[in-house]
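Residue 1 is where the sequence shown starts when you use full-length UniProt numbering, and the numbers rise one by one after that. All residues carry an ideal CB built from backbone N, CA and C; glycine is no exception.
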Amino acid sequence: MKFPPFNSHNLDVELSLRPPSAVDYSAAELIMQQEEVSLPPPLEPQPETLDLSTPLSTTTNQIMHSSTSSRNSQSLRVRRPRARARVRVRARASPSPRRAREPASPVVRQRRSRVELKNTPIKPPYPWSTEHQAVVHDLNYLRENQILTITGDVRCDRCEKQYTIEYDLMTKFEEIASFIEKNKATLHDRAPESWTNPNFLDCKLCGEENCVRPTIPEGDNKNINWLFLLLGQMIGRLKLEHLKYFCAYTNNHRTGAKNRLVYLTYLTLCKQLQPSMELFHR
Numbered sequence: 001m002k003f004p005p006f007n008s009h010n011l012d013v014e015l016s017l018r019p020p021s022a023v024d025y026s027a028a029e030l031i032m033q034q035e036e037v038s039l040p041p042p043l044e045p046q047p048e049t050l051d052l053s054t055p056l057s058t059t060t061n062q063i064m065h066s067s068t069s070s071r072n073s074q075s076l077r078v079r080r081p082r083a084r085a086r087v088r089v090r091a092r093a094s095p096s097p098r099r100a101r102e103p104a105s106p107v108v109r110q111r112r113s114r115v116e117l118k119n120t121p122i123k124p125p126y127p128w129s130t131e132h133q134a135v136v137h138d139l140n141y142l143r144e145n146q147i148l149t150i151t152g153d154v155r156c157d158r159c160e161k162q163y164t165i166e167y168d169l170m171t172k173f174e175e176i177a178s179f180i181e182k183n184k185a186t187l188h189d190r191a192p193e194s195w196t197n198p199n200f201l202d203c204k205l206c207g208e209e210n211c212v213r214p215t216i217p218e219g220d221n222k223n224i225n226w227l228f229l230l231l232g233q234m235i236g237r238l239k240l241e242h243l244k245y246f247c248a249y250t251n252n253h254r255t256g257a258k259n260r261l262v263y264l265t266y267l268t269l270c271k272q273l274q275p276s277m278e279l280f281h282r
């Protein structure tokens, strides 16, 4: 079989129109062997160079567009679902039958036991006192025994001298009784301010005002001159411990404010002087 004559001009035209391939090189080698024509080496890929003639913003937009497209391509990848954590379910033990609740025992509040008082007879510290603590004789006894003047010791805070004061029994008692009769409905078992915080007496020795107070035996409540303090309306100068002592030995409630304890002391002493009078009963 005969081949047509080879025209090298046609080969040059075809090579100039498209890039050479492996088939072209193999055909060219055959032709070179026949005509001994040398071919240029194959073209190597040239690295891309940045065109400085284009503005920088256009180049940046191209780079950002390429990065965005790469991200979108990555986001299109199929993600495998994460393996779910295995939850172990423990079998609960069968609930034990509940026991019936026992009825709660009622709470019993224990009342505070009253202090046992020594009711043993004592030697009366004053002629108007009885052998019982915090108790005075009534008016009938005092009249029969001609005990109509009540005395007591006082002390001045300015001159620091001590002397004795005396009160007329009937005059002072009627003054207190009339005050209770007029104001008992409005007192509401509370002593007025004149009883709770009375003024001091004026000193007869140095002449100073509001400086004389009654003498109270320290640590010896048995020797408190209760009737003298009542007639002089100076019970409010006693301490709470003295008032509680009096209420304890006269069967009165000894807890409460001071004005209540003072009121109970006034009313109880008046009741001791005149037991038959309903005015002094609570």
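query: Given this structure, state the Cα-to-Cα distance separating N210 from C156, to the nearest angstrom.; result: 9 Å
query: Who pairs with E166 in a beta bridge, going by DSSP?; result: T151
query: I'd like to know if the segment 196 to 213 and the segment 223 to 238 are in contact, where contact means that at least 3 CB-CB pairs between them fall below 8 Å.; result: yes
query: Would you say T215 and V154 are within 8 Å of each other, going by their C-beta atoms?; result: yes
query: Can you find the residues in the same chain that come closer than 8 Å, C-beta to C-beta, to residue 285, ignoring five residues on each side of it along the sequence?; result: The first residue shown for the chain is 1 and the last is 282, placing residue 285 beyond what the model contains.
query: Do you know how far the Cα of R213 is from the Cα of L229?; result: 10 Å
query: Identify whether S276 lies in helix, strand or coil by the three-state DSSP scheme.; result: coil
query: Distance, Cα to Cα, N221 vs Y245?; result: 8 Å
query: I need the boundaries of the alpha helix (DSSP H) containing R143, first residue and last residue.; result: L139 to E144
query: So, G232 versus Y163, is the Cβ gap smaller than 8 Å?; result: no
query: What are the start and end residues of the beta strand (DSSP E) that includes V212?; result: V212 to P214
query: Helix, strand or coil for L238? Go by DSSP, reduced to three states.; result: coil
query: Pairs of beta-carbons, one from the segment 169 to 188 and one from the segment 263 to 280, closer than 8 Å: are there three or more?; result: yes
query: Helix or strand or just coil, what does DSSP make of L187?; result: helix
query: Compute the beta-carbon to beta-carbon distance between I150 and L227, rounded to the nearest angstrom, for a pair I have assumed lies under 8 Å.; result: 5 Å
query: If we call anything under 8 Å between Cβ atoms a contact, is H253 one with I224?; result: no
query: Q146: which of H132, P124, I122 and L169 sits nearest, CA to CA?; result: L169
query: Reducing DSSP to helix, strand and coil, say where residue 283 ends up.; result: Shown here, the chain extends from 1 to 282; a query on residue 283 therefore has no answer.
query: Between P217, P125, D189 and I165, which lies nearest to D202 when the distance is taken from Cα to Cα?; result: I165
query: Across which residues does DSSP place L201 in a beta bridge pair?; result: V212
query: Taking only the alpha-carbon atoms, compute the straight-line gap between E181 and E208 and give it to the nearest angstrom.; result: 34 Å
query: Only counting the same chain, and skipping five residues up and downstream in sequence, which positions put a Cβ closer than 6 Å to that of L11?; result: Because the pLDDT at L11 is just 48, under 50, the model does not fix this residue reliably, and the value given afterwards should be weighed accordingly. Hits under 6 Å: none found.
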